[in-house]
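Only one structure is covered here, and it is reproduced in the block below.
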Amino acid sequence: MPSACATVYHSQEEAFELAFGTGVSVTAEPVFLTDEQIAAVEREARVKLDSGLFTFYTAERDGKSLGFAAIESHTVRTQPESLLIVLSPTGEVGRVEVLAFHEPPEYQPAARWFELMKGRTIEQLIPGNGIDAVSGATLSSVAALASVRKVKAIFRQAHPAGGE
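Note that the sequence shown covers residues 1 to 164 in UniProt numbering.
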């Protein structure tokens, strides 16, 4: 049953424009992780993967890579949240944007909290290692940090030359 306080902030197309600007070519890049890669992601990101299939979106302008984006959805408390996680061509977090949030609005961390994730390593994205969970939005902030760690770890497996 949909939540009465559900908010969808951006469509996928709007999210890509927000992340990379207009006039950009965005291509879906499916990633098929092996069992060994799944184990590495779970160990490094400290998350459990539901599947070895993941999609990055590659953004280019005039043949030059602008970076990658992932749309990550997860359950916060009982309702879903979708995040746009934007990585640089080398795998650094450039932006995290809430696309949809179906929990009550008071459970959503402020936009300035998401800014703290820019440029952080996976280790720094563990609550208490550089970014604290948000009081009153603890489950939301812990879930968001886990999603960003997961995306960074998958990126490192899919693009071993990039990343940390």
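Backbone N, C-alpha and C fix where the C-beta goes; we use that ideal spot for every residue, glycine too.
Counted within 10 angstroms of its Cβ, other Cβ atoms place residue i as buried (16 or more) or exposed
i          : result
lysine 64  : exposed
alanine 39 : exposed
alanine 69 : buried
Beta-carbon separation (whole angstroms), residue i vs residue j, contact threshold 8 Å
i            : j                : result
leucine 87   : phenylalanine 54 : Contact flag wrong, Cβ pair sits at about 13 Å.
threonine 27 : threonine 58     : 5 Å
serine 140   : proline 109      : 6 Å
Nearest-angstrom Cα separation, counted from residue j out to residue i
i                 : j              : result
alanine 19        : glutamate 36   : 31 Å
glycine 158       : glutamate 14   : According to the sequence displayed, residue 158 carries alanine and not glycine. Rounded to whole angstroms, alanine 158 to glutamate 14 spans 25 Å at the Cα level.
valine 93         : glycine 67     : 10 Å
isoleucine 71     : leucine 84     : 5 Å
phenylalanine 155 : alanine 161    : 10 Å
serine 135        : methionine 117 : 17 Å
valine 41         : tyrosine 9     : 29 Å
Contacts around residue i, its chain only, beta-carbon distance under 6 Å, and the 5 residues preceding and following it disregarded
i                 : result
serine 3          : Only weak support exists for where serine 3 lies, its pLDDT of 46 falling under 50; the value from the coordinates is given anyway. Gln79 and His102.
serine 149        : Here the sequence assigns arginine to residue 149, which means serine is not the residue at that position. Excluding residues within five positions, the ones whose Cβ falls inside 6 Å are Ala45, Ile122 and Leu125.
phenylalanine 114 : Val96
serine 24         : Checking the displayed sequence, the identity of residue 24 turns out to be valine instead of serine. Ala59 and Arg61.
Cut-off 8 Å between Cβ atoms - residues of its own chain near residue i, not counting five sequence neighbours on either side
i              : result
asparagine 129 : Glu123
Whether residue i touches residue j by CB criterion (8 Å)
i            : j                : result
alanine 153  : glutamate 44     : yes
leucine 99   : proline 127      : no
valine 31    : phenylalanine 56 : yes
serine 11    : histidine 74     : no
tyrosine 107 : alanine 133      : no
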